[in-house]
DNA sequence: TATGAATGAGTATTCATTCAT
DNA sequence: TATGAATGAATACTCATTCAT
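Protein chains in written order, with this note's numbering: chain A, 297 to 491; chain B, 297 to 491; chain C, 297 to 491; chain D, 297 to 491.
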């Protein structure tokens, strides 16, 4: 498995740094190679093309991202707690790794539609985690039973994603962790005044 | 005023079409010129450079988009109704103009960070409209009074934006209009079971 | 005769200024038109094309330049005096009009070979003036009678031209007039120690 | 050292030919690449940009030109002989390589002022060679001791340069070598009848 | 595996010139 | 005569990818 080879990871890490620092379009393959300490040609022993580097970056990082969240959630007792945990960990993980946050929220989106479809595939397990919480919440009678799971998941993901993007574009100047509870409350209770 | 000149609008319309059909990166200036029925050089009598075309497209289209929504909302009686109207019109306007939807949801995001900052500026009036609804809802005692307006606005916009993007990426195969009510309900009531 | 029309001269004067200030390649026709206070298209009522403007500038200015020198020389009594007068006036006239000096010594040379042949045609009367002095000097028995007039004229012109070019490139910081006598002495006596 | 790389020299030689044949402005980088038998992009592995090719051509060729003259002169016994040798070799070297003569006398002058300043820097060692002859001649009591070295050098260089340019523009139809002696005589003795 | 020199396709922009008014 | 909006040809340079070593 090529992924166990050290150069593969060197290149992945170099790509995250180079893209975060220079932006997607200024990140030439040769620059990534230099930062990774390998020759330009070596890149092509591990990746098919430049796009493949980007997909692999997302794949590797998202894999870890989702795994940790799935793990964290499994310890929670109900959908409400799981949702909060998911929000907290979503914010926390990206806050902890600003380079990765820049890449996922800004630079990776500067890719063409084909690449975005591949990115969506990689994202699917995360969306499934969200779906599961929704379904579980409904079963637990915490959430309404008339929910359109697909739609609700889009809304939840869109909410979290937009908050992350704003945070990155505001140059990470404020503390996201504090907002997790408000976000959970919004998703669960909405804006209305509770009777 | 250059905006009254017919060629300015011809170029704007051509740009939307060409970008929607070919994607951001395959949209050469010469192709836009051809579609607009003008010479390549004519583009530069009306726009400073290629980026300026893109910004202007967004400016023009978003201007109309926001104006219509602001107008539609003004006829509504309270924040709840206004929110529903905003959601309906947001979905409706982009659904009606698939080319524009593709450009705003997919292609325009493939731009660099500088351009995205300019786009955010153009988007600001729309965000303000959302802010106003939130504030109004609070005053009307329909919405809670402990809301963080900035955060809530991000969540609402993120929700709508993600739904639109999914719809565009799924090739506009389903009817968005039907979902507006569910979305409003989600935003106002959240997921929880009402007592 | 078009040359009596005021706009013709306005354009010529504007061209000298614009070329001297911006350099040959940065001197767009539209800039010359603007400085001359006419529309771009008007230029083409008086000149065939951009090259024609340049040739005409040289023609007009060189015509005056040569006329004055020919006139000044005619008052001198012998070839030696005439040579000195020619040198003095060559230096004086271009020193007095730095814009013209820049155009003739630097910018006009950035033209293609065809244009340079035309420039050489315009220069011919000046070269003839030099030829005449050489021939006269020989007849007066002041200059040797074995001189190759064509070659000697090239040497004299080359000498004056190089001095002017150096003066222009050194940004006209020193006084050329003082050097005329040394130049005349060099041409007449050479470098050798006179017995 | 890049200058030992064969492609560097291939490109230099191709550039001389292409510029001599097509003129400065019609010499596209792609044409030079084609003539040199390399890809367009390869040019940019050896040169920073198009201007850099031109400067390097002049640098390489002038370097050899000056070196040979300096070498030839060193064998001569006094300033008079050295001057003659310099003139002969100046004429000879450029006569032998008409492509180079066209480039140096005509095409390279079609460059902007910045480039000309760089060219002047490259020319400096040649001017110094001339200066040295003047100073030596004075010390040997062959030349007058009141000479303004800078001015005299300009006159000598201008003389040679103008003769070369005329020869190139007359399409190299006559034999320059024969004129070297007359030129030396002019420079040393001037035009006057010797008593 | 690893290298890095070489490749060559691809495109925004300028500006001299025209021509309908 | 005079205008100036419109034209469209023309070109340097980058960078992802290859392949001989």
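Where is the CB? At the ideal position from N, CA and C, for every residue including glycine.
When C-beta atoms of the region 423–433 of chain A are compared with those of the region 425–440 of chain B, fewer than three pairs fall below 8 Å, so the two segments do not count as touching.
Per DSSP, reduced to three states, the secondary structure at residue 407/C is coil, with no helix or strand assignment. Residues of the same chain with their beta carbon placed closer than 6 Å to that of residue 317/D are lacking, with the five preceding and five following residues left out of the count. Under the Cβ criterion (8 Å, minimum of three pairs), the region 467–476 of chain B does not count as touching the region 474–486 of chain A. Note on residue 324/D: under 16 other CB atoms within 10 angstroms of its CB, so exposed under the neighbour-count rule. Note that the C-beta distance between residue 406/D and residue 320/D is below 8 Å. Residue pairing by DSSP puts residue 439/D in a beta bridge opposite 488/C. Judged by DSSP in its simplified three-state form, residue 334/C adopts coil rather than helix or strand.
Its Cα nearest to that of residue 459/B, the residue 448/A stands out among 467/A, 469/A, 418/A, 448/A. Here residue 327/C has 314, 318 as same chain residues with Cβ atoms under 8 Å from its own Cβ, once five neighbours each way along the sequence are excluded. Taking residue 488/C as the centre and dropping the five residues before and after it, the same chain places no C-beta closer than 6 Å to its C-beta. At least one CB of chain B lies nearer than 8 Å to the CB of residue 479/A.
Residue 336/C sits exposed, since fewer than 16 C-beta atoms from the chains shown fall within 10 Å of its C-beta. Counting C-beta pairs with one atom in each stretch, the region 371–389 of chain D and the region 452–471 of chain D have three or more that are closer than 8 Å, which means they touch. A Cβ-Cβ distance of about 7 Å is found for the pair residue 389/B and residue 364/B, placing them in contact under the 8 Å criterion. For residue 321/C, the chain D residues whose Cβ falls inside 8 Å of its Cβ are 408, in order along the chain. Of the residues 367/A, 351/A, 480/A, 347/A, the one whose Cα lies closest to the Cα of residue 417/A is 351/A. In this structure, residue 362/A sits near residue 421/A, with a CB-CB distance shorter than 8 Å. At least 8 Å separates the beta-carbon of residue 411/A from that of residue 309/A.
Spatial neighbours of residue 343/B in its own chain (CB-CB distance under 8 Å, excluding positions within 5 residues in sequence) are listed in chain order as 307, 349, 352. Annotation: the continuous alpha helix (DSSP H) that includes residue 350/C extends over 346–370.
Taking a beta-carbon distance threshold of 8 Å, residue 372/C does not count as an interface residue toward chain D. Residue 312/B places its beta carbon less than 8 Å from that of residue 396/B. Shown here for residue 414/B: same chain residues with a beta carbon closer than 7 Å to its own, the five before and five after excluded, namely 351 in chain order.
Contact between residue 369/D and residue 464/D does not hold, since their C-beta atoms are separated by about 24 Å, which reaches or exceeds 8 Å.
The residues 401, 402, in chain order, have a CB closer than 8 Å to that of residue 461/C in the same chain once the five nearest residues on each side in sequence are set aside. The three-state reading of DSSP puts residue 401/D in helix, counting H, G and I together.
Only those residues of the region 433–463 of chain D whose C-beta falls short of 7 Å from the nearest C-beta of chain C are listed: 433, 437, 438, 439, 440, 443, 444, 447, 448, 450, 451, 453, 454, 455, 457, 458, 459, 462. Around the beta-carbon of residue 375/B, 16 or more other beta-carbon atoms lie within 10 Å, marking it buried. Counting the other Cβ atoms within 10 Å of the Cβ of residue 479/A gives 16 or more, which makes it buried. Look at residue 471/A: its C-beta is not under 8 Å from any C-beta on chain B. Residue ranges of uninterrupted alpha helix (DSSP H) with 4 or more members, entirely inside the region 411–478 of chain D and ordered along the chain, are 445–465. Rounded to the nearest angstrom, the gap between the Cα atoms of residue 485/C and residue 391/C is 26 Å.
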